[in-house]
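Asks: One point on numbering: in my numbering, the residue at position 200 of the sequence shown is 200, and numbering is uninterrupted. Quick one: the structure is below, and I'll ask about it shortly.
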Amino acid sequence: MRPVVKGVALSLFHVPTLMAYYGNVPYYERVFKPDSEYLSKLTSTARTYDEVVKYPPNQVFIGNYSPEDLRKISRPWSVNDNFSANRAGEFGEIFNELEFYGWLKIADSFDLVWLEKSFLARVKEILSGHSLFNPSDLKDLGEGRDLEDVKNEINKGNAIPLLCGSEIVGSVRNAHSYDENLKGYPLLEKLSNKASAIVVLRQVINNCAMEAKSIDFVIESSEEAVGDMFQPGGGDLAKAIAEKAQCVNANGVDVRAFCAGPAGAVVIASSLVKSGLFKNVAVIGGGSIPKLGMNSREHVAKGLKPLEDCLGAVAILISEDDGVSPVINLDSVGRHKVGTGSSPQAITTALVSEPLKKLGLSFSDVDKYAPELHNPEITEPAGAGDVPLANIKMIAALATMQGEIKREQMDSFIVERGIVGFSPTQGHIPSGVPFLGWARKEILKGNWKRVMVIGKGSLFLARMTNLAEGFSFLVEKNEPLRELPQPSTLSREYIREVIIEVLQEISGNLGG
(Lines of atoms letter the chains of each structure in order from A and count residues from 1; the text may use other names and numbers.)
(Lines give C-alpha, C1' and ligand atoms only; values in the text may rest on other atoms or scores of the structure.)
Protein backbone atom coordinates (compact mmCIF):
# COMPACT_ATOMS: atom_id res chain seq x y z
CA MET A 1 0.00 0.00 0.00
CA ARG A 2 1.59 3.27 -1.13
CA PRO A 3 1.57 6.11 1.43
CA VAL A 4 0.21 9.46 0.24
CA VAL A 5 0.12 13.03 1.55
CA LYS A 6 -3.59 13.23 2.24
CA GLY A 7 -3.54 16.69 3.81
CA VAL A 8 -1.40 19.42 5.34
CA ALA A 9 -2.13 22.10 7.95
CA LEU A 10 0.14 25.06 8.75
CA SER A 11 -0.73 27.80 11.23
CA LEU A 12 0.91 30.73 13.01
CA PHE A 13 0.22 32.21 16.44
CA HIS A 14 1.21 35.86 16.90
CA VAL A 15 2.41 36.09 20.51
CA PRO A 16 4.49 39.29 20.88
CA THR A 17 4.17 39.42 24.67
CA LEU A 18 5.25 35.81 25.07
CA MET A 19 8.22 36.60 22.82
CA ALA A 20 9.23 39.64 24.90
CA TYR A 21 8.99 37.80 28.24
CA TYR A 22 9.58 34.11 27.54
CA GLY A 23 11.56 33.82 24.35
CA ASN A 24 14.87 32.42 25.59
CA VAL A 25 17.04 35.42 24.62
CA PRO A 26 14.73 38.11 26.09
CA TYR A 27 14.01 35.94 29.14
CA TYR A 28 17.64 35.72 30.23
CA GLU A 29 18.22 39.35 29.33
CA ARG A 30 15.52 40.18 31.92
CA VAL A 31 17.31 38.00 34.45
CA PHE A 32 20.78 39.50 33.99
CA LYS A 33 20.18 42.94 32.41
CA PRO A 34 16.59 43.97 33.20
CA ASP A 35 17.22 47.64 32.32
CA SER A 36 18.93 47.01 28.98
CA GLU A 37 18.22 49.17 25.94
CA TYR A 38 17.56 46.01 23.95
CA LEU A 39 14.56 45.08 26.12
CA SER A 40 12.99 48.54 25.94
CA LYS A 41 13.35 48.61 22.14
CA LEU A 42 12.10 45.03 21.83
CA THR A 43 8.76 46.01 23.33
CA SER A 44 8.43 49.38 21.59
CA THR A 45 9.14 47.95 18.12
CA ALA A 46 6.84 44.92 18.36
CA ARG A 47 4.64 44.26 15.33
CA THR A 48 0.86 44.57 15.46
CA TYR A 49 -1.34 41.63 14.57
CA ASP A 50 -2.37 43.40 11.37
CA GLU A 51 1.29 43.77 10.35
CA VAL A 52 1.85 40.07 10.97
CA VAL A 53 -1.14 39.09 8.82
CA LYS A 54 0.04 41.35 5.99
CA TYR A 55 3.61 40.03 6.10
CA PRO A 56 4.07 38.15 2.77
CA PRO A 57 6.06 35.13 4.10
CA ASN A 58 3.26 34.48 6.62
CA GLN A 59 0.71 34.48 3.80
CA VAL A 60 2.85 31.91 1.97
CA PHE A 61 3.03 29.79 5.13
CA ILE A 62 -0.77 29.54 5.52
CA GLY A 63 -1.39 29.03 1.79
CA ASN A 64 -2.66 32.29 0.32
CA TYR A 65 0.44 33.15 -1.76
CA SER A 66 2.92 30.75 -3.33
CA PRO A 67 6.69 30.82 -2.79
CA GLU A 68 6.97 31.94 -6.42
CA ASP A 69 4.69 34.89 -5.65
CA LEU A 70 7.02 35.76 -2.78
CA ARG A 71 10.00 35.80 -5.12
CA LYS A 72 8.30 38.57 -7.13
CA ILE A 73 7.68 40.82 -4.11
CA SER A 74 10.47 43.32 -3.45
CA ARG A 75 12.20 43.33 -0.10
CA PRO A 76 12.01 44.30 2.65
CA TRP A 77 8.80 42.29 2.77
CA SER A 78 7.79 44.02 5.99
CA VAL A 79 7.10 47.23 4.03
CA ASN A 80 3.89 46.12 2.32
CA ASP A 81 1.06 48.28 3.62
CA ASN A 82 -1.03 47.72 0.49
CA PHE A 83 -0.46 43.96 0.44
CA SER A 84 -3.78 42.09 0.21
CA ALA A 85 -3.95 39.49 2.96
CA ASN A 86 -6.34 37.30 4.98
CA ARG A 87 -5.88 35.71 8.38
CA ALA A 88 -7.14 32.36 7.03
CA GLY A 89 -5.52 30.43 4.17
CA GLU A 90 -5.80 27.12 2.37
CA PHE A 91 -3.50 25.37 4.86
CA GLY A 92 -4.24 27.17 8.11
CA GLU A 93 -4.65 30.44 9.94
CA ILE A 94 -2.89 33.25 11.81
CA PHE A 95 -4.18 33.50 15.39
CA ASN A 96 -3.69 36.45 17.74
CA GLU A 97 -2.33 36.31 21.27
CA LEU A 98 -5.70 36.49 23.00
CA GLU A 99 -6.90 33.49 20.99
CA PHE A 100 -3.70 31.61 21.73
CA TYR A 101 -4.21 32.01 25.47
CA GLY A 102 -7.60 30.36 24.99
CA TRP A 103 -6.03 27.39 23.20
CA LEU A 104 -3.38 27.29 25.95
CA LYS A 105 -6.11 26.87 28.55
CA ILE A 106 -7.88 24.22 26.43
CA ALA A 107 -4.58 22.30 26.34
CA ASP A 108 -4.33 22.41 30.15
CA SER A 109 -5.46 19.17 31.86
CA PHE A 110 -4.28 19.97 35.41
CA ASP A 111 -5.59 23.51 36.11
CA LEU A 112 -2.10 24.94 35.66
CA VAL A 113 -3.22 27.83 33.45
CA TRP A 114 -5.28 30.47 35.24
CA LEU A 115 -7.01 33.16 33.18
CA GLU A 116 -8.65 36.21 34.75
CA LYS A 117 -12.46 36.08 34.57
CA SER A 118 -13.17 39.10 32.38
CA PHE A 119 -10.29 38.23 30.04
CA LEU A 120 -11.55 34.66 29.78
CA ALA A 121 -15.02 35.96 28.90
CA ARG A 122 -13.49 37.79 25.91
CA VAL A 123 -11.62 34.65 24.91
CA LYS A 124 -14.78 32.54 25.03
CA GLU A 125 -16.71 35.05 22.95
CA ILE A 126 -14.10 34.95 20.20
CA LEU A 127 -13.17 31.26 20.20
CA SER A 128 -16.68 29.87 20.56
CA GLY A 129 -17.49 31.00 17.02
CA HIS A 130 -14.42 29.38 15.49
CA SER A 131 -14.84 26.34 13.26
CA LEU A 132 -12.18 24.40 15.21
CA PHE A 133 -13.88 25.01 18.58
CA ASN A 134 -15.65 21.98 20.08
CA PRO A 135 -18.42 22.01 22.72
CA SER A 136 -16.11 20.17 25.12
CA ASP A 137 -13.69 23.10 24.93
CA LEU A 138 -16.08 25.22 27.01
CA LYS A 139 -15.58 22.90 29.96
CA ASP A 140 -11.80 23.03 29.50
CA LEU A 141 -11.86 26.83 29.49
CA GLY A 142 -13.67 26.92 32.83
CA GLU A 143 -14.95 30.07 34.49
CA GLY A 144 -11.70 31.92 35.18
CA ARG A 145 -10.13 33.33 38.33
CA ASP A 146 -10.22 36.60 40.21
CA LEU A 147 -7.29 38.82 39.27
CA GLU A 148 -6.30 39.13 42.94
CA ASP A 149 -5.96 35.32 43.20
CA VAL A 150 -3.87 35.23 40.02
CA LYS A 151 -1.52 37.93 41.32
CA ASN A 152 -1.22 36.28 44.75
CA GLU A 153 0.04 33.05 43.16
CA ILE A 154 2.57 35.04 41.13
CA ASN A 155 3.74 37.07 44.14
CA LYS A 156 4.22 33.90 46.20
CA GLY A 157 6.48 32.47 43.47
CA ASN A 158 3.99 29.73 42.69
CA ALA A 159 3.32 30.89 39.13
CA ILE A 160 4.65 32.98 36.25
CA PRO A 161 2.50 35.76 34.75
CA LEU A 162 0.74 35.70 31.40
CA LEU A 163 0.46 39.18 29.93
CA CYS A 164 -1.19 40.94 27.02
CA GLY A 165 0.94 44.01 26.51
CA SER A 166 1.71 45.16 30.05
CA GLU A 167 -1.52 43.80 31.58
CA ILE A 168 -1.53 40.60 33.63
CA VAL A 169 -4.33 38.41 32.29
CA GLY A 170 -3.40 35.09 33.83
CA SER A 171 -0.63 32.79 34.97
CA VAL A 172 0.96 29.37 34.59
CA ARG A 173 1.32 27.66 37.96
CA ASN A 174 4.06 25.37 39.19
CA ALA A 175 2.96 21.73 39.22
CA HIS A 176 5.53 20.70 41.84
CA SER A 177 7.22 22.38 44.76
CA TYR A 178 10.82 21.68 43.70
CA ASP A 179 10.88 19.72 40.40
CA GLU A 180 12.40 22.21 37.93
CA ASN A 181 10.80 20.34 35.01
CA LEU A 182 7.35 21.13 36.41
CA LYS A 183 7.83 24.83 37.20
CA GLY A 184 5.77 27.46 35.43
CA TYR A 185 8.29 28.42 32.73
CA PRO A 186 9.06 24.93 31.35
CA LEU A 187 5.36 24.04 31.61
CA LEU A 188 4.50 27.12 29.54
CA GLU A 189 6.89 25.87 26.86
CA LYS A 190 5.33 22.41 26.79
CA LEU A 191 1.73 23.59 26.99
CA SER A 192 2.32 26.11 24.19
CA ASN A 193 3.68 23.35 22.01
CA LYS A 194 0.68 21.18 22.85
CA ALA A 195 -1.85 23.98 22.28
CA SER A 196 -0.52 24.94 18.84
CA ALA A 197 -0.31 21.27 17.81
CA ILE A 198 -3.92 20.65 18.89
CA VAL A 199 -5.02 23.42 16.54
CA VAL A 200 -3.17 22.10 13.47
CA LEU A 201 -4.19 18.50 14.14
CA ARG A 202 -7.83 19.61 14.18
CA GLN A 203 -7.16 21.68 11.06
CA VAL A 204 -5.65 18.86 9.01
CA ILE A 205 -8.62 16.65 9.91
CA ASN A 206 -10.98 19.42 8.76
CA ASN A 207 -8.92 20.06 5.62
CA CYS A 208 -9.32 16.40 4.69
CA ALA A 209 -13.07 16.40 5.48
CA MET A 210 -12.68 13.32 7.65
CA GLU A 211 -13.60 12.30 11.18
CA ALA A 212 -11.10 12.52 14.03
CA LYS A 213 -11.80 8.90 14.96
CA SER A 214 -10.27 7.87 11.60
CA ILE A 215 -6.77 8.78 12.82
CA ASP A 216 -4.98 5.60 13.88
CA PHE A 217 -1.63 6.94 15.06
CA VAL A 218 0.00 10.28 15.87
CA ILE A 219 3.72 11.09 15.75
CA GLU A 220 4.76 14.30 17.54
CA SER A 221 8.00 15.62 16.04
CA SER A 222 8.83 18.96 17.67
CA GLU A 223 11.87 19.81 19.80
CA GLU A 224 10.06 19.82 23.16
CA ALA A 225 10.67 16.93 25.56
CA VAL A 226 8.05 16.45 28.28
CA GLY A 227 8.46 14.73 31.62
CA ASP A 228 9.38 15.18 35.27
CA MET A 229 12.65 15.04 37.20
CA PHE A 230 12.86 11.24 36.95
CA GLN A 231 12.38 11.17 33.16
CA PRO A 232 12.65 14.73 31.76
CA GLY A 233 12.11 13.63 28.17
CA GLY A 234 9.79 10.69 28.66
CA GLY A 235 6.84 11.88 26.49
CA ASP A 236 4.16 11.06 25.21
CA LEU A 237 3.11 14.48 23.91
CA ALA A 238 1.56 12.84 20.83
CA LYS A 239 -1.16 11.09 22.81
CA ALA A 240 -1.87 14.20 24.88
CA ILE A 241 -2.49 16.17 21.68
CA ALA A 242 -4.53 13.37 20.09
CA GLU A 243 -6.80 13.36 23.15
CA LYS A 244 -7.67 17.05 22.76
CA ALA A 245 -8.30 16.58 19.04
CA GLN A 246 -10.84 13.79 19.80
CA CYS A 247 -8.75 11.17 18.00
CA VAL A 248 -10.29 8.44 20.17
CA ASN A 249 -8.86 5.54 18.15
CA ALA A 250 -5.28 6.84 18.09
CA ASN A 251 -2.24 6.48 20.24
CA GLY A 252 1.22 7.70 19.33
CA VAL A 253 4.85 8.39 20.05
CA ASP A 254 7.24 11.34 20.11
CA VAL A 255 10.15 11.48 17.66
CA ARG A 256 13.09 13.77 18.41
CA ALA A 257 15.97 14.71 16.08
CA PHE A 258 16.10 18.51 16.48
CA CYS A 259 15.27 20.14 13.11
CA ALA A 260 15.30 16.77 11.31
CA GLY A 261 12.50 15.39 13.50
CA PRO A 262 9.50 16.07 11.22
CA ALA A 263 11.22 14.69 8.09
CA GLY A 264 12.16 11.54 9.97
CA ALA A 265 8.63 11.31 11.37
CA VAL A 266 7.16 11.48 7.85
CA VAL A 267 9.40 8.59 6.80
CA ILE A 268 8.28 6.56 9.83
CA ALA A 269 4.61 7.42 9.29
CA SER A 270 4.85 6.47 5.60
CA SER A 271 6.47 3.15 6.51
CA LEU A 272 3.68 2.37 8.99
CA VAL A 273 1.06 3.05 6.32
CA LYS A 274 2.91 1.05 3.66
CA SER A 275 3.19 -1.90 6.03
CA GLY A 276 -0.59 -1.92 6.43
CA LEU A 277 -0.37 -1.49 10.20
CA PHE A 278 -2.19 1.88 10.14
CA LYS A 279 -4.38 3.61 7.54
CA ASN A 280 -4.08 7.24 8.71
CA VAL A 281 -1.03 8.56 10.55
CA ALA A 282 -0.72 12.23 11.57
CA VAL A 283 2.72 13.82 11.90
CA ILE A 284 2.52 16.96 14.03
CA GLY A 285 4.88 19.60 15.39
CA GLY A 286 3.84 22.44 17.68
CA GLY A 287 5.54 25.78 18.26
CA SER A 288 8.64 26.58 20.30
CA ILE A 289 8.45 29.32 22.96
CA PRO A 290 12.25 29.43 23.57
CA LYS A 291 12.93 30.26 19.91
CA LEU A 292 10.70 33.32 19.91
CA GLY A 293 12.93 36.39 19.53
CA MET A 294 15.99 34.17 19.02
CA ASN A 295 17.63 36.72 16.69
CA SER A 296 15.80 39.77 18.07
CA ARG A 297 18.93 41.27 19.63
CA GLU A 298 20.46 41.65 16.17
CA HIS A 299 17.17 42.87 14.69
CA VAL A 300 16.76 45.58 17.32
CA ALA A 301 20.42 46.64 17.06
CA LYS A 302 19.94 47.22 13.33
CA GLY A 303 16.77 49.24 13.79
CA LEU A 304 14.51 46.45 12.55
CA LYS A 305 11.27 45.11 13.97
CA PRO A 306 11.69 41.72 15.68
CA LEU A 307 10.20 39.21 13.25
CA GLU A 308 10.34 36.10 15.44
CA ASP A 309 7.06 36.84 17.20
CA CYS A 310 5.05 33.88 15.90
CA LEU A 311 4.81 30.27 16.97
CA GLY A 312 4.62 27.97 13.96
CA ALA A 313 2.83 24.61 13.87
CA VAL A 314 2.48 21.89 11.25
CA ALA A 315 0.40 18.74 10.75
CA ILE A 316 0.72 16.25 7.88
CA LEU A 317 -1.71 13.40 7.33
CA ILE A 318 -0.13 10.32 5.74
CA SER A 319 -2.74 7.86 4.49
CA GLU A 320 -3.30 4.80 2.33
CA ASP A 321 -3.22 5.38 -1.41
CA ASP A 322 -6.43 7.07 -2.52
CA GLY A 323 -5.43 7.12 -6.18
CA VAL A 324 -5.21 10.93 -6.19
CA SER A 325 -2.98 12.38 -3.47
CA PRO A 326 0.79 12.66 -4.09
CA VAL A 327 2.77 9.56 -3.19
CA ILE A 328 5.72 9.46 -0.77
CA ASN A 329 8.28 7.28 -2.53
CA LEU A 330 9.96 5.29 0.22
CA ASP A 331 12.51 3.95 -2.27
CA SER A 332 13.77 7.54 -2.47
CA VAL A 333 14.60 8.03 1.23
CA GLY A 334 18.00 9.64 1.74
CA ARG A 335 19.80 9.30 5.07
CA HIS A 336 22.65 11.07 6.79
CA LYS A 337 24.42 7.97 8.06
CA VAL A 338 26.89 7.87 10.95
CA GLY A 339 29.77 7.60 8.50
CA THR A 340 28.52 10.21 6.03
CA GLY A 341 30.69 13.09 7.24
CA SER A 342 29.74 16.64 8.16
CA SER A 343 30.81 18.73 5.16
CA PRO A 344 28.02 20.38 3.14
CA GLN A 345 29.07 18.38 0.08
CA ALA A 346 28.97 15.07 1.97
CA ILE A 347 25.55 15.84 3.44
CA THR A 348 24.10 16.95 0.10
CA THR A 349 25.49 13.86 -1.61
CA ALA A 350 23.88 11.59 0.98
CA LEU A 351 20.50 13.35 1.03
CA VAL A 352 20.14 14.38 -2.61
CA SER A 353 22.54 12.72 -5.03
CA GLU A 354 22.53 9.14 -3.70
CA PRO A 355 18.74 8.65 -3.53
CA LEU A 356 18.35 10.11 -7.05
CA LYS A 357 21.07 7.86 -8.43
CA LYS A 358 19.43 4.85 -6.77
CA LEU A 359 16.23 5.55 -8.71
CA GLY A 360 17.98 6.36 -11.97
CA LEU A 361 16.89 10.00 -11.77
CA SER A 362 18.84 13.15 -12.53
CA PHE A 363 18.93 16.38 -10.51
CA SER A 364 16.72 17.96 -13.18
CA ASP A 365 14.05 15.29 -12.72
CA VAL A 366 13.08 17.02 -9.46
CA ASP A 367 10.88 20.10 -9.95
CA LYS A 368 11.57 21.65 -6.54
CA TYR A 369 13.98 21.04 -3.66
CA ALA A 370 12.74 21.94 -0.17
CA PRO A 371 15.60 22.04 2.34
CA GLU A 372 15.72 24.42 5.34
CA LEU A 373 13.15 27.11 4.50
CA HIS A 374 14.10 29.85 6.98
CA ASN A 375 12.86 33.33 6.15
CA PRO A 376 16.04 35.22 5.06
CA GLU A 377 14.75 38.51 6.49
CA ILE A 378 15.11 36.87 9.91
CA THR A 379 18.45 35.11 9.42
CA GLU A 380 20.43 37.63 7.35
CA PRO A 381 20.55 40.42 10.00
CA ALA A 382 21.86 37.83 12.46
CA GLY A 383 24.73 36.86 10.13
CA ALA A 384 23.34 33.45 9.12
CA GLY A 385 22.73 34.44 5.50
CA ASP A 386 20.01 33.15 3.21
CA VAL A 387 19.81 29.50 4.29
CA PRO A 388 17.49 28.15 1.54
CA LEU A 389 19.58 29.90 -1.12
CA ALA A 390 22.80 28.41 0.27
CA ASN A 391 21.25 24.94 0.19
CA ILE A 392 20.03 25.10 -3.40
CA LYS A 393 23.41 26.53 -4.47
CA MET A 394 25.09 23.47 -2.98
CA ILE A 395 22.67 21.17 -4.83
CA ALA A 396 23.34 23.03 -8.09
CA ALA A 397 27.09 22.84 -7.51
CA LEU A 398 26.88 19.10 -6.92
CA ALA A 399 24.83 18.67 -10.11
CA THR A 400 27.56 20.59 -11.96
CA MET A 401 30.36 18.53 -10.41
CA GLN A 402 28.62 15.33 -11.49
CA GLY A 403 28.26 16.64 -15.03
CA GLU A 404 24.45 16.80 -15.05
CA ILE A 405 24.24 20.53 -15.71
CA LYS A 406 26.73 23.00 -17.12
CA ARG A 407 28.24 25.77 -15.01
CA GLU A 408 26.36 28.42 -16.99
CA GLN A 409 23.09 26.61 -16.15
CA MET A 410 23.55 26.91 -12.40
CA ASP A 411 21.79 30.25 -11.98
CA SER A 412 18.68 29.10 -13.84
CA PHE A 413 18.70 25.80 -11.91
CA ILE A 414 18.81 27.72 -8.61
CA VAL A 415 15.86 29.94 -9.54
CA GLU A 416 13.74 27.25 -11.19
CA ARG A 417 14.24 24.51 -8.61
CA GLY A 418 14.96 26.47 -5.43
CA ILE A 419 12.43 27.93 -2.99
CA VAL A 420 12.40 31.36 -1.36
CA GLY A 421 12.44 30.95 2.43
CA PHE A 422 9.12 31.73 4.10
CA SER A 423 9.12 29.86 7.42
CA PRO A 424 9.57 31.27 10.93
CA THR A 425 12.76 30.14 12.65
CA GLN A 426 11.05 27.62 14.90
CA GLY A 427 13.73 24.94 14.60
CA HIS A 428 11.89 21.85 13.37
CA ILE A 429 9.25 23.87 11.50
CA PRO A 430 11.42 25.29 8.65
CA SER A 431 13.19 22.04 7.87
CA GLY A 432 11.50 21.04 4.61
CA VAL A 433 8.04 20.07 5.84
CA PRO A 434 6.21 23.43 5.40
CA PHE A 435 6.60 22.97 1.66
CA LEU A 436 4.46 19.83 1.69
CA GLY A 437 1.34 21.99 1.48
CA TRP A 438 2.53 23.64 -1.73
CA ALA A 439 4.02 20.39 -3.06
CA ARG A 440 0.69 18.62 -2.69
CA LYS A 441 -1.23 21.49 -4.28
CA GLU A 442 1.01 21.95 -7.33
CA ILE A 443 1.40 18.22 -7.98
CA LEU A 444 -2.39 17.79 -7.88
CA LYS A 445 -2.73 20.68 -10.35
CA GLY A 446 -0.28 18.95 -12.69
CA ASN A 447 2.31 21.74 -12.49
CA TRP A 448 4.95 19.53 -10.87
CA LYS A 449 5.70 15.84 -11.03
CA ARG A 450 8.25 15.41 -8.28
CA VAL A 451 9.45 17.37 -5.19
CA MET A 452 12.23 16.50 -2.75
CA VAL A 453 11.84 17.37 0.95
CA ILE A 454 15.08 17.61 2.92
CA GLY A 455 15.22 17.78 6.72
CA LYS A 456 18.46 18.36 8.61
CA GLY A 457 19.19 18.63 12.33
CA SER A 458 22.10 19.71 14.52
CA LEU A 459 22.44 16.90 17.06
CA PHE A 460 25.57 18.41 18.61
CA LEU A 461 23.36 20.93 20.41
CA ALA A 462 22.60 18.23 23.02
CA ARG A 463 26.31 17.72 23.73
CA MET A 464 25.82 14.00 23.17
CA THR A 465 27.48 13.74 19.74
CA ASN A 466 29.15 15.95 17.17
CA LEU A 467 27.07 14.38 14.41
CA ALA A 468 24.22 15.95 12.47
CA GLU A 469 21.07 14.16 11.28
CA GLY A 470 19.20 14.25 8.01
CA PHE A 471 16.43 12.64 6.00
CA SER A 472 15.08 13.28 2.52
CA PHE A 473 12.27 11.82 0.46
CA LEU A 474 10.49 12.37 -2.84
CA VAL A 475 6.82 13.34 -3.11
CA GLU A 476 5.53 12.33 -6.53
CA LYS A 477 2.47 12.51 -8.75
CA ASN A 478 0.08 9.66 -8.09
CA GLU A 479 0.20 7.49 -11.18
CA PRO A 480 -1.48 4.09 -11.55
CA LEU A 481 0.71 1.12 -10.81
CA ARG A 482 1.23 -1.23 -13.74
CA GLU A 483 -0.80 -4.38 -13.11
CA LEU A 484 0.71 -7.58 -14.47
CA PRO A 485 -1.55 -10.46 -15.50
CA GLN A 486 -1.31 -13.79 -13.72
CA PRO A 487 1.67 -15.98 -14.81
CA SER A 488 -0.63 -18.44 -16.57
CA THR A 489 -1.86 -15.72 -18.92
CA LEU A 490 1.55 -14.32 -19.86
CA SER A 491 2.15 -14.70 -23.55
CA ARG A 492 5.45 -14.41 -25.37
CA GLU A 493 4.13 -11.37 -27.21
CA TYR A 494 3.15 -9.66 -23.95
CA ILE A 495 6.56 -10.32 -22.39
CA ARG A 496 8.21 -8.86 -25.49
CA GLU A 497 6.08 -5.68 -25.21
CA VAL A 498 6.92 -5.22 -21.52
CA ILE A 499 10.66 -5.65 -22.15
CA ILE A 500 10.55 -3.05 -24.95
CA GLU A 501 8.64 -0.61 -22.72
CA VAL A 502 11.12 -1.02 -19.84
CA LEU A 503 14.11 -0.56 -22.15
CA GLN A 504 12.55 2.61 -23.54
CA GLU A 505 12.08 4.00 -20.02
CA ILE A 506 15.70 3.19 -19.13
CA SER A 507 16.89 4.83 -22.34
CA GLY A 508 14.85 7.95 -21.54
CA ASN A 509 16.26 8.22 -18.00
CA LEU A 510 19.78 7.93 -19.40
CA GLY A 511 19.12 10.75 -21.86
CA GLY A 512 18.71 8.51 -24.89
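Glycine included, each C-beta is placed from N, C-alpha and C at the ideal position. Predicted model, so just to flag it, every value in this text is computed and none were measured.
Please classify N174 as buried or exposed, where buried requires at least 16 neighbouring CB atoms within 10 angstroms.
Replies: That one is buried.
Asks: According to DSSP, is Q59 helix, strand or coil?
Replies: Note: Q59 maps to helix in three-state DSSP.
Asks: Counting only the same chain and skipping the five closest in sequence on each side, list residues whose C-beta sits under 7 Å from that of G102.
Replies: Here the set comprises V123, L127 and L141.
Asks: Would DSSP call V123 helix, strand or coil?
Replies: Reduced to three states, the DSSP call for V123 is helix.
Asks: Residue range of the beta strand (DSSP E) that L12 falls in?
Replies: Taken as a continuous stretch (DSSP letters only), the beta strand (DSSP E) holding L12 covers P3 to H14.
Asks: The alpha helix (DSSP H) that contains F32, what's its start and end?
Replies: Start and end: N24 to F32.
Asks: Helix, strand or coil, according to DSSP, for D228 in the structure here?
Replies: D228 falls in the strand class under three-state DSSP.
Asks: For K291, does the three-state DSSP call read helix, strand or coil?
Replies: Three-state result, K291: coil.
Asks: Which residues in the same chain have their Cβ closer than 7 Å to the Cβ of E320, if we skip the five residues on either side of it in sequence?
Replies: Cβ neighbours of E320 beyond the five flanking positions: M1, V273 and K279.
Asks: What are the start and end residues of each continuous beta strand (DSSP E) run of 3 or more residues lying completely inside the region 146-216, in chain order?
Replies: Here the runs fully enclosed are 159-164 and 167-173.
Asks: Check whether the region 52-68 and the region 431-443 touch, using three or more Cβ-Cβ pairs below 8 Å as the test.
Replies: Yes, since at least three Cβ pairs between the region 52-68 and the region 431-443 fall closer than 8 Å, the two stretches touch.
Asks: What is the residue span of the beta strand (DSSP E) that D254 lies within?
Replies: Segment N251 to D254, the beta strand (DSSP E) holding D254.
Asks: For S11, count neighbouring Cβ atoms within 10 angstroms of its own Cβ and tell me buried if that reaches 16, exposed if not.
Replies: Result: buried.
Asks: Ignore the nearest five residues each way along the sequence and tell me which others in W114's own chain have a CB closer than 6 Å to its CB.
Replies: These residues qualify, in order along the chain: R145, V150, G170 and S171.
Asks: When you compare each of E93, P434 and E501 to F13 by their alpha carbons, which one comes out closest?
Replies: It is E93.
Asks: Please name the residue in G165, L98, V300 and A159 whose C-alpha comes closest to that of L182.
Replies: Among G165, L98, V300 and A159, the Cα nearest to that of L182 is on A159.
Asks: Measuring straight from C-alpha to C-alpha, what distance separates Q402 and G276?
Replies: Each residue's alpha carbon lies about 38 Å from the other.
Asks: Should I495 go down as buried or exposed, given a rule of 16 or more other Cβ atoms within 10 Å for buried?
Replies: Its Cβ having fewer than 16 others within 10 Å, I495 is exposed.
Asks: Buried or exposed: G512, going by 16 or more other Cβ atoms within 10 Å of its Cβ?
Replies: Per-residue confidence for G512 stands at a pLDDT of 48, beneath the threshold of 50, marking its modelled position as unreliable; the derived number appears in the next sentence. By the 10 Å Cβ count, G512 comes out exposed.
Asks: Here's the rule: buried if 16 or more other CB atoms are within 10 angstroms of the residue's CB, otherwise exposed. What is I499?
Replies: Burial call: exposed.
Asks: Looking at chain D, is there any beta carbon in it that lies within less than 8 Å of the beta carbon of V53?
Replies: Although the question refers to chain D, the structure presented lacks it and comprises just one protein chain.
Asks: Can you tell me whether P76 is buried or exposed, with buried defined as 16 or more other CB within 10 angstroms of its CB?
Replies: Result: exposed.
Asks: So, for I106: in the same chain, excluding its five sequence neighbours on each side, which residues have a beta-carbon less than 6 Å away from its beta-carbon?
Replies: Cβ neighbours of I106 beyond the five flanking positions: D137 and D140.
Asks: For a quick check, are the C-beta atoms of I316 and L373 less than 8 Å apart?
Replies: Their beta carbons are not under 8 Å apart, which means I316 does not touch L373 by this criterion.
Asks: Do the CB positions of S288 and E377 come within less than 8 Å of each other?
Replies: No.
Asks: Considering just the uninterrupted stretch of the beta strand (DSSP E) at M452, what are its terminal residues?
Replies: Its beta strand (DSSP E) spans residues R450 to G457.
Asks: Identify, in the order they occur along the chain, each residue of the same chain with its Cβ nearer than 6 Å to the Cβ of G234, setting aside the five sequence neighbours on each side.
Replies: Cβ neighbours of G234 beyond the five flanking positions: G227.
Asks: Per the contact definition of three or more C-beta pairs closer than 8 Å, is the region 245-258 in contact with the region 193-203?
Replies: A contact exists between the region 193-203 and the region 245-258.
Asks: According to DSSP, which residues form a beta bridge with H374?
Replies: According to DSSP, H374 bridges with S423.
Asks: Let's see if you can read the secondary structure: which residues bound the beta strand (DSSP E) around N280?
Replies: Element bounds for N280: N280 to G285.
Asks: In the DSSP assignment, find the beta strand (DSSP E) that holds E320 and state where it starts and stops.
Replies: Segment C310 to E320, the beta strand (DSSP E) holding E320.
Asks: Quick check: what's the CA-CA separation for N375 versus T425?
Replies: The straight-line gap from Cα to Cα measures roughly 7 Å.
Asks: Roughly how many whole angstroms lie between the Cα atoms of A395 and A468?
Replies: Checking the sequence shown, residue 395 turns out to be Ile, not Ala. Cα to Cα, I395 sits roughly 18 Å from A468.
Asks: Output needed for A195: all residues of its chain with C-beta closer than 6 Å, excluding positions within five of it in sequence on either side, in chain order.
Replies: Cβ neighbours of A195 beyond the five flanking positions: W103, L104 and A107.
Asks: What is the rounded straight-line gap between the Cα of Y49 and the Cα of D35?
Replies: So the alpha carbons of these two residues sit roughly 26 Å apart.
Asks: Measure the CB-CB distance between A238 and V218 and report whether it falls below 8 Å.
Replies: Yes, they are a contact pair.
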